[in-house]
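Numbered by the numbering used here, the letters in the sequence shown go through residues 681 to 816 in order.
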Amino acid sequence: MARRSKKTGKWAIGTHAFYAALHFAYQYNDWKKELSGLTDTSKAIQYSDMPKGNINPDPTGDLVERRESLVRNVDLVEQCAKEADGELYQWIMWGVTNEDVTFNTLKVLKGIPCERDTYYDRRRKFYYLLSKRLGW
Numbered sequence: 681m682a683r684r685s686k687k688t689g690k691w692a693i694g695t696h697a698f699y700a701a702l703h704f705a706y707q708y709n710d711w712k713k714e715l716s717g718l719t720d721t722s723k724a725i726q727y728s729d730m731p732k733g734n735i736n737p738d739p740t741g742d743l744v745e746r747r748e749s750l751v752r753n754v755d756l757v758e759q760c761a762k763e764a765d766g767e768l769y770q771w772i773m774w775g776v777t778n779e780d781v782t783f784n785t786l787k788v789l790k791g792i793p794c795e796r797d798t799y800y801d802r803r804r805k806f807y808y809l810l811s812k813r814l815g816w
């Protein structure tokens with residue numbers, strides 16, 4: 681089933697803004713995984729006879745910047761899901777960060793405590809909030 685934006689209603693955003701927010705949220709699990717692996721701050725500088733360009737004098741600073749960027753993105757997705765509906769937060773997160781998760785999947789496997797229309801309204805609100813925060 682193809683997902684598309686709703687150009688009317690209270691959570692109206694354009695098609696491209698919707699898809700940008702959709703694909704941004706899909707990266708959430710990758711960001712969490714990368715964050716869990718970004719812990720090594722003491723990499724030794726490799727010396728050799730061969731000239732190299734772009735030698736990075738501050739790998740620790742780069743690591744800190746990358747972690748901050750990942751944390752910012754993860755927090756943004758989580759905050760938008762909480763703002764969309766605090767009670768349905770965990771189900772919204774599951775639905776917007778994993779491809780091919782439908783309401784039926786959430787109902788049968790995850791026991792979502794609402795009806796289809798409520799879930800899809802909150803999910804639209806999530807994409808609306810995310811697209812606005814990202815400036816799209």
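Built from N, CA and C at the ideal position, the CB exists for glycine as well.
Exposure label - residue i; buried when at least 16 CB within 10 Å
i, result
"Val788", "exposed"
"Arg803", "buried"
"Thr782", "exposed"
"Asn778", "exposed"
"Asn753", "buried"
"Val751", "exposed"
"Gly689", "exposed"
"Gly775", "buried"
Cβ separation of residue i and residue j, assumed to be a contact under 8 Å, to the nearest whole Å
i, j, result
"Leu718", "Arg746", "6 Å"
"Val757", "Ala705", "5 Å"
"Lys805", "Ala764", "4 Å"
"Tyr799", "Leu768", "7 Å"
C-alpha distance - residue i paired with residue j, whole-angstrom precision
i, j, result
"Asp801", "Leu715", "31 Å"
"Ile792", "Glu748", "32 Å"
"Leu702", "Ala692", "14 Å"
"Tyr790", "Trp771", "As written in the sequence, residue 790 is Lys, which differs from the Tyr given in the question. So the two alpha carbons sit approximately 8 Å from each other."
"Lys762", "Asp755", "10 Å"
"Arg795", "Asn784", "The sequence shown places Glu at residue 795, not Arg. Cα-Cα distance, rounded: 10 Å."
"Met773", "Cys760", "9 Å"
"Gly694", "Leu810", "13 Å"
"Trp816", "Asp780", "24 Å"
"Gly766", "Tyr699", "23 Å"
"Lys713", "Asp797", "32 Å"
"Pro737", "Leu814", "32 Å"
Beta carbon proximity, residue i to chain C, threshold 7 Å
i, result
"Thr798", "The structure shown contains no chain C; it holds only a single protein chain."
- prompt: Can you find at least 3 beta carbon pairs, one from the stretch 701-714 and one from the stretch 736-745, that sit closer than 8 Å?
  reply: no
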